[in-house]
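Trainee: Okay, handing you the structure first.
2 protein chains.
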Amino acid sequence: MSSNRPAAVVLLSGGLDSATTLAIASDEGYDCHALSFSYGQRHEIELAAADRVARQLDVRSHRTVRIDVDGFDDLSTSALTGHQRVPKDRDATQRENGIPSTYVPARNTIFLSYGLALAELIGARDMFIGANAVDYSGYPDCRPAYLSAFERMANLATKAAVEGATIRIHAPLIDWPKTKIIRKGLDLGVDYGQTHSCYDPDPEGRACGRCDSCLIRRDAFAALGMPDPGR
Amino acid sequence: MSSNRPAAVVLLSGGLDSATTLAIASDEGYDCHALSFSYGQRHEIELAAADRVARQLDVRSHRTVRIDVDGFDDLSTSALTGHQRVPKDRDATQRENGIPSTYVPARNTIFLSYGLALAELIGARDMFIGANAVDYSGYPDCRPAYLSAFERMANLATKAAVEGATIRIHAPLIDWPKTKIIRKGLDLGVDYGQTHSCYDPDPEGRACGRCDSCLIRRDAFAALGMPDPGR
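Laid out in structure tokens, this is it:
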């Protein structure tokens with residue numbers, strides 16, 4: 081199957097934001113190549129969600145890069161990768177206070193760097209990331225200034241750039257509240273029952289319902305008058 | 081063993097340039113944490129050289145990140161990673177003409193991104209890379225403008241940066257001819273017999289003597305009136 085649509089690389093975690101971002105990229109006319117990462121996080125379950133979402137939204141390709149953390153044990157100091165407790169039951173004020181313990185050093189920089197390599201390999205000039213600076217204001221690498229700086233760097237980094245291609249980093253959700261993200265995704269046919277956002281699922285993959293990510297989702301669906309269909 | 085010297089991350093391929101860069105970083109007073117990468121290149125032999133160099137120059141730590149190329153088969157389109165012939169017997173004019181076939185998409189961006197993560201984990205504010213824009217003028221990600229753009233991005237990317245740490249990317253060899261690099265390394269006690277630069281070694285790890293990298297080394301040692309002690 082070939083396509084005349086321009087190719088785009090879409091970073092896909094399997095969570096609500098990246099699923100919506102993928103749907104937006106597809107709706108904007110891009111032929112989407114999804115890219116997921118396994119990096120020793122607690123939630124390998126997310127990768128199964130990424131597979132489901134990629135299938136549901138009919139991507140052109142889906143690759144998962146396994147990031148070796150053996151040489152990098154210290155990455156596991158983050159709550160997201162295993163050795164710290166995930167904070168629970170925090171209200172909105174607590175959630176917005178500072179850099180979360182779920183911060184992983186240079187994560188988006190590493191992810192976007194692989195995305196840049198893939199973009200060059202498949203001839204894509206567009207990359208999509210579900211970064212959001214509203215609900216997760218504490219993550220330095222979700223800020224617009226960071227993403228702009230990455231884009232400037234990317235446009236000096238590759239053979240494609242030297243030969244005249246302009247790489248664009250799209251972060252369509254960057255300043256959207258969660259309710260707007262969900263409404264947009266529902267309009268575009270995203271099945272949020274296939275997504276997974278919990279930082280601390282049980283062994284069967286069920287969401288804890290109490291971490292920041294679960295609470296932000298729950299509050300947003302509640303504000304829209306519906307239950308969270310996620311796992 | 082503890083140290084009061086500031087920590088630095090040094091990207092170490094096991095080649096002549098990165099070995100010299102490591103010696104310079106150490107001479108400048110940094111406690112060096114070497115970082116090497118395995119990414120399906122023909123020259124896994126380089127990693128053995130990186131180990132030898134790291135030991136010879138007494139680094140504080142040495143990590144090797146194995147970059148998964150299974151999800152990224154197309155990386156192997158580069159001559160460096162296996163599926164193309166390495167150009168041989170090119171003279172200096174041919175070597176300087178355009179982007180080499182040994183270009184690997186976004187390689188330095190991926191390497192520096194891991195370096196940035198490691199820097200944050202160990203509290204380092206300094207990163208060293210043996211990038212050189214003289215002998216390898218064709219690589220987009222060896223240019224000063226690229227490295228400056230990466231540095232600007234890095235200073236927006238991390239928790240450490242948000243908290244006030246300034247990341248510096250050092251590329252001390254950036255505008256040095258190979259002869260100057262070798263003289264400096266010899267002054268600092270680098271054993272170039274431990275390094276490996278060949279793009280296309282035989283199965284026993286012996287240099288081919290004919291690829292760009294071998295020829296550049298050979299010419300430089302010859303200009304200094306000595307044989308290349310490398311493998």
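These protein sequences, in sequence, are chains Y and C.
Residue 81 is where the first sequence starts when you use my numbering, and the numbers rise one by one after that.
Residue 81 is where the second sequence starts when you use my numbering, and the numbers rise one by one after that.
A virtual CB, placed ideally from N, CA and C, is assigned to each residue, including glycine.
Under the DSSP definition of a beta bridge, which residues are partnered with H117/C?
Mentor: A quick correction: the sequence has Phe, not His, at residue 117/C. Bridge partners of F117/C: V145/C.
Trainee: At a Cβ cut of 7 Å, what residues of the stretch 242–259 of chain C count as close to chain Y, listed as they run along the chain?
Mentor: Here the close residues are V242.
Trainee: Could you name the residues of chain Y that R232/C contacts, counting a contact when the two beta carbons are closer than 9 Å?
Mentor: What R232/C touches in chain Y: A229, R232 and M233.
Trainee: Please identify the residue among K168/C, G195/C and D169/C whose C-alpha is closest to the C-alpha of V89/C.
Mentor: For V89/C, the nearest C-alpha among the options comes from G195/C.
Trainee: Using the three-state DSSP reduction, which class does V184/Y fall into: helix, strand or coil?
Mentor: V184/Y falls in the coil class under three-state DSSP.
Trainee: Are any of the Cβ atoms in chain Y nearer than 9 Å to that of K168/C?
Mentor: Not one chain Y Cβ lies under 9 Å of K168/C.
Trainee: Using a Cβ-Cβ distance under 9 Å, would I147/Y count as near chain C?
Mentor: Answer yes: the Cβ-Cβ gap between I147/Y and chain C drops below 9 Å somewhere.
Trainee: Closer than 8 Å by C-beta to N235/C: which residues in its own chain qualify, once you throw out the five before and the five after it? Chain order, please.
Mentor: Taken in chain order, the residues that qualify are A241, T246 and I247.
Trainee: Any Cβ of chain Y within less than 9 Å of the Cβ of P220/C?
Mentor: It does: the Cβ of P220/C has a partner Cβ on chain Y nearer than 9 Å.
Trainee: By Cβ distance, which residues of its chain are closer than 6 Å to V145/C, with the 5 residues on each side in sequence left out?
Mentor: Closer than 6 Å at the Cβ level, and outside the excluded window around V145/C, lie F117 and Y194.
Trainee: By alpha-carbon positions, which one of A287/Y, V133/Y, A114/Y and A197/Y ends up nearest to K168/Y?
Mentor: Nearest option by C-alpha distance: A287/Y.
Trainee: Out of L127/Y, V133/Y and T189/Y, which has the shortest C-alpha to C-alpha gap to S106/Y?
Mentor: Of L127/Y, V133/Y and T189/Y, the residue nearest in Cα terms is V133/Y.
Trainee: Throw me the rounded Cβ distance for the C222/C and A229/C pair, which I believe falls under 8 Å.
Mentor: Incorrect: roughly 13 Å between the Cβ atoms, too far for contact.
Trainee: I want to verify the contact list: residues of chain Y whose CB lies under 8 Å from the CB of T275/C, in sequence order.
Mentor: Near T275/C there are no residues of chain Y at all, since even the closest Cβ is about 21 Å away, more than 8 Å.
Trainee: According to DSSP, simplified to helix, strand and coil, what is D111/C?
Mentor: If DSSP states are grouped into helix, strand and coil, D111/C belongs with the strands.
Trainee: Would you please verify whether the beta carbon of R223/C is less than 9 Å from any beta carbon of chain Y?
Mentor: With 9 Å as the cut-off, R223/C counts as an interface residue toward chain Y.
Trainee: Quick one: using the 10 Å Cβ neighbour count with 16 as the cut-off for buried, is A302/C buried or exposed?
Mentor: Flag for A302/C reads exposed.
Trainee: Measure the C-alpha to C-alpha separation of K258/Y and L96/Y and round it to an integer number of angstroms.
Mentor: Taking the straight line from one Cα to the other gives about 9 Å.
Trainee: Output the boundary residues of the alpha helix (DSSP H) element that contains D267/Y.
Mentor: Run containing D267/Y: K258 to D267, per the alpha helix (DSSP H) assignment.
Trainee: Quick check on L236/Y - is its C-beta less than 9 Å from some C-beta in chain C?
Mentor: Cβ-Cβ to chain C under 9 Å: yes for L236/Y.
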